[in-house]
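Data block below; observations after.
There are 2 protein chains.
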Amino acid sequence: MRTVNPQRVENRRRQILDAARFCFEQKGFHATSMAEICARAEMSPGALYRYFSSKEEIIVAMSEETNFQAIDSLRTKTEDVKNGSNFLDAIHGLLTEIAATNFSKDQGALCAESISEAMRNIQFANAASIAYIEYQELFAQLLELGKNQGAIDEDQDTLELAAILMAIVDGMVLRMAFDSDFKSETAVKWIGNLFCRYLTSEAKDYVSNNFGKPICIVDFKNTRFPGGQFDE
Amino acid sequence: MRTVNPQRVENRRRQILDAARFCFEQKGFHATSMAEICARAEMSPGALYRYFSSKEEIIVAMSEETNFQAIDSLRTKTEDVKNGSNFLDAIHGLLTEIAATNFSKDQGALCAESISEAMRNIQFANAASIAYIEYQELFAQLLELGKNQGAIDEDQDTLELAAILMAIVDGMVLRMAFDSDFKSETAVKWIGNLFCRYLTSEAKDYVSNNFGKPICIVDFKNTRFPGGQFDE
DNA sequence: AATAAGAGAACGAACGTTCGCTTTTTTAAT
DNA sequence: ATTAAAAAAGCGAACGTTCGTTCTCTTATT
Chain A
807 MRTVNPQRVE NRRRQILDAA RFCFEQKGFH ATSMAEICAR AEMSPGALYR YFSSKEEIIV
867 AMSEETNFQA IDSLRTKTED VKNGSNFLDA IHGLLTEIAA TNFSKDQGAL CAESISEAMR
927 NIQFANAASI AYIEYQELFA QLLELGKNQG AIDEDQDTLE LAAILMAIVD GMVLRMAFDS
987 DFKSETAVKW IGNLFCRYLT SEAKDYVSNN FGKPICIVDF KNTRFPGGQF DE
Chain B
807 MRTVNPQRVE NRRRQILDAA RFCFEQKGFH ATSMAEICAR AEMSPGALYR YFSSKEEIIV
867 AMSEETNFQA IDSLRTKTED VKNGSNFLDA IHGLLTEIAA TNFSKDQGAL CAESISEAMR
927 NIQFANAASI AYIEYQELFA QLLELGKNQG AIDEDQDTLE LAAILMAIVD GMVLRMAFDS
987 DFKSETAVKW IGNLFCRYLT SEAKDYVSNN FGKPICIVDF KNTRFPGGQF DE
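Line by line, the protein sequences are chains A and B. Residues 807 to 1038 in the numbering used here are what the first sequence lists, from first letter to last. Residues 807 to 1038 in the numbering used here are what the second sequence lists, from first letter to last.
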């Protein structure tokens, strides 16, 4: 009597999710057929359906994975600041990371389709909604730490500010999908620029004193922001 | 010998586009079947296909119509400022209009799906791209007029600023689709808030002097911005 | 009479999923 | 160690459904 091998199951699921992500990024959820995922995963439909019971389940699993990674990264940053790191460093690092993983045509397209999907698919919407709220609350926590360090005005509603900044990042991501002239560097520069406009005058002074540029045109990409340069 | 009646053709196309828009807003492009559009337009497939040769053609036509309307509205606003209207009034009016026509769950969903569609459908992408660039250039013109009125810093790249503001509005629209707690009023308030952060100190003084609030928490919705209140 | 306009059944392709069968692997008895 | 049983794993053709589109026939209009 043969028993299931959990490790093999895990490997197979990994293989399928990787294949699915590859396809979805290039063609989107609906334009990707199961046959294409099977081909990429080097697996027959019969085999694939042993590990996921539907296409929808694959979409949801892949998205949950993405969400989890984003939240995990933000959590790390927040912990760092709790443990004494500089708030502006953390923001800078976060933005760098977001730019690296999300600021591309493919990610923009996937992001757009995820939002469409959330509108039509209740299971997907729930997963996304939970992740969104968790991210927002964590981000608000980080901004709150920014307040403690005197970088953000006391009277800002950090939860709302978090939501707005997230929406802005999304807007940039989507614009990137849509307009190939809209570059990652432009988005990073402007997110830095407008974020700086929400800094306290103390935080602005700190940046100005260190880098000798008026804060209103500070450029995360081309000036040295506390914490160093963008790689590449 | 019977002749084609151009008026009837126009009416029929109108009927189809209205039906399509209704369906697309609720269910999206791909989830809406031709049968549903036919039902809503009270027309058989045979009849419908006399006026549009494919579903794609309907999608493109509907989107072009939307784009044209948005551009036309912006053009009017820009002309007004050219003819001596106050720049901040125009921005306020524009935002009011955008909020009324785009800040809803359905519009957000449609916007997301349009971006997805543009990624996969070259014809759609071209139409959207042309419209986007036209909108951006017009908006930059308007911002340039804002410079002339001393409301925006001389050294701002208005074309880039236009792109960023458009991306931000898109981000809000999409967030609204996704998160039912994210209200139109919140989006309007914050767009106003952050727009104000790009105003010159003269423009800020103008707002402060008239409304006695520090510009950094100015609220387009709850304070009287030059040009009046939001309806409803 | 001629043809535009419309109706609706039917077609055909695409696609997610299933099903019957084969192969591989594990287990346990010899 | 060998082997046979049992079930897991895998394969791929086929199924059933959905849906965009077409085709034929009828009706309306000039």
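Here a beta-carbon is modelled for each residue, glycine too, at the ideal position from N, C-alpha and C.
- Boundaries of the alpha helix (DSSP H) harbouring Ile864(B): Lys861 to Lys888, taken from the DSSP string.
- Ranked by Cα distance from Leu854(B), the options Leu823(B), Asn999(B) and Ile897(B) are led by Leu823(B).
- Straight-line measurement puts the Cα of Glu816(B) at about 49 Å from the Cα of Thr1006(B).
- Counting only residues of its own chain and dropping the five nearest sequence neighbours on each side, Lys883(B) has a CB closer than 7 Å to the CB of Ala896, Gly899, Leu900 and Leu948.
- By the Cβ criterion, the stretch 968-985 of chain B is not in contact with the stretch 954-965 of chain A, since fewer than three pairs of Cβ atoms, one from each stretch, lie closer than 8 Å.
- Residue pairing by DSSP leaves Ile921(A) without any beta bridge partner.
- At least one CB atom of chain B sits nearer than 8 Å to the CB of Asp985(A).
- At a cut-off of 8 Å between beta carbons, Thr1006(B) makes no contact with chain A.
- Contact note: Glu940(A) does not reach chain B at a C-beta cutoff of 8 Å; the least C-beta distance is about 13 Å.
- Secondary structure note for Ile958(B): it is in no alpha helix (DSSP H), with a DSSP letter that is neither H nor E.
- For Ser990(A), none of the residues of chain B pass the 8 Å Cβ criterion, the least Cβ distance being about 13 Å.
- Within chain A, no C-beta atom comes less than 7 Å from the C-beta of Arg827(B); the nearest is roughly 16 Å away.
- Under DSSP, Leu1005(A) shares a beta bridge with Ile958(A).
- Interface residue (Cβ-Cβ distance to chain B less than 8 Å): Ile936(A) is not classified as such.
- Shown here for Lys833(A): same chain residues with a beta carbon closer than 8 Å to its own, the five before and five after excluded, namely Glu842 in chain order.
- Arg808(A) counts as exposed, since fewer than 16 other C-beta atoms from the protein chains shown sit within 10 angstroms of its C-beta.
- Where Phe984(A) is concerned, the enclosing alpha helix (DSSP H) starts and stops at Thr964 to Phe984.
- Taking a Cβ-Cβ threshold of 9 Å, the residues of chain A close to Gly977(B) are Ile970, Met972, Ala973, Ile974, Val975, Asp976, Gly977, Met978, Val979, Leu980 and Arg981, in chain order.
- At a cut-off of 8 Å between beta-carbon atoms, Ser922(B) makes contact with chain A.
- According to the DSSP assignment, Ala847(B) belongs to the alpha helix (DSSP H) that extends over Met840 to Ala847.
- Spatial neighbours of Arg881(A) in its own chain (CB-CB distance under 7 Å, excluding positions within 5 residues in sequence) are listed in chain order as Leu944.
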